[in-house]
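Working notes for the structure below.
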Amino acid sequence: MQETKAIAEIRKAVKAWKQEGKTIGLVPTMGFLHEGHASLIKKCREDNDVVVVSDFVNPVQFGPAEDLEAYPRDFGRDSALCESLGVDMIFHPEPAEMYNDPHITVQVDTLNETLCGVTRPVHFGGVCTVVAKLFNIVSPDRAYFGEKDAQQLAIVKKMVIDLNFDITIVGCPIVREADGLARSSRNTYLNPEERQAALCLSRAVKKGQAVIGAGVEGETVLAPMRQEIEAEPLATIDYVQMVDALTMQPVARADGPVLVAMAVVVGKTRLIDNFSWSQDR
Ligand code: PAF
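For the sequence shown, the working numbering gives the first residue as 2, with consecutive numbering after it.
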């Protein structure tokens, strides 16, 4: 496995792979890799001749009061995991390699105005900026994102259409711990009591999945989910919402494909979870 911090080096490798007619898959990550990332890498390995993983804690997707400094990092462990999964190249740039100061950013449209975009107003612009840069640096045929970050996935898919990237975006299912908690690098912030309390998110998902169906009103789905979370003293709801799966705008009932998503603060840690529903699923 090759490791590089330099854009010029990765471009050289990409040029050679393209000349050999190889397909390239990219898994963008912020490192501190877990089973969720491993599932993306495995799918990418199956689908492509070459697998590139980026490992970069992207400063521009964090708001001023967010956890940029505290965000967990362990490049040695990430690198060993990537090697064991057959990754060809890991791209681990410094912020100065990625960003000029000042720099142009990608601006997101109305998909940004609901769910996480409300409490994290700079987040998705920062995500799209780094993802667009990674797409231009790596020129992948396919790129892999987790469905846990469902709004991010919807926005990246829209960006690829709107900015004409010739890249297939592949969404991969949420990976959960044995007890149901969705895998996240931020789970590491939870103390044992909070870790237990955090199970209210996946229990709420199950409650919602049990009642959703064609034409069912949003509140019929969301009320039992809220109840489940409100019963947990260490948990505070940021949002629990049903939105159109493509536009991310709130919907009153499940008529077409919908996303039911939540953000919940457990202790001081903000966690997200969701499920998608459509008639033909
Ligand atoms: O999902 C993430 O880890 C990040 O938002 C991403 C897509 C790697 C961009 O920094």
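All residues carry an ideal CB built from backbone N, CA and C; glycine is no exception.
Simplified DSSP state of residue i, which is helix, strand or coil
i	result
A81	helix
L27	strand
N137	helix
D56	strand
G181	coil
Q228	helix
P251	strand
F276	strand
L86	coil
D239	strand
L200	helix
I8	helix
F33	coil
F76	helix
M2	coil
Y190	helix
G172	strand
Cβ-Cβ separation, residue j to residue i (assumed contact under 8 Å), whole Å
i	j	result
V265	I230	6 Å
L41	V51	Incorrect: roughly 15 Å between the Cβ atoms, too far for contact.
V54	S140	Incorrect: roughly 15 Å between the Cβ atoms, too far for contact.
G64	V123	5 Å
V244	A224	The Cβ separation is near 17 Å, so there is no contact.
A144	L82	At roughly 19 Å, the Cβ-Cβ gap does not stay under 8 Å, so A144 and L82 are not in contact.
L247	A151	With a Cβ gap of about 11 Å, L247 and A151 do not count as contacting.
Cβ of residue i within 8 Å of any chain B Cβ
i	result
Y100	The displayed structure is made up of one protein chain only, and chain B is not part of it.
Close Cβ partners of residue i (< 8 Å) along its chain, the five nearest in sequence each way excluded
i	result
G216	R254, A255, D256
Proximity to residue i [Cα-Cα], best of the options
i	options	result
V267	K134, A9, L182	L182
R184	M31, A9, G37, I8	G37
F57	E47, R271, K134	K134
D110	N59, F125, R143, S277	F125
T5	V88, H93, A66, Q62	H93
Q280	K208, V157, I213, T120	I213
P251	G32, N188, N165, E114	E114
D89	E220, D239, V171, E47	E47
G87	K44, L69, P60	K44
G22	T106, D150, N49	N49
R196	R271, T221, M31	R271
K207	N275, H35, I11	N275
V61	N101, S85, L191	N101
A97	C117, P193, N59	N59
Same chain, Cβ closer than 7 Å to residue i, five either side skipped, listed in chain order
i	result
D180	L200
T189	P73
W18	I25, V51
A198	E233, L235, A236, V267
R187	T270, L272
K159	L112
D239	T120, A264, V265, V266, R271
Close Cβ partners of residue i (< 6 Å) along its chain, the five nearest in sequence each way excluded
i	result
Q3	M90
A205	M226, E229, I230
The region 132–147 contacting the region 76–89, beta-carbon criterion three pairs below 8 Å: no
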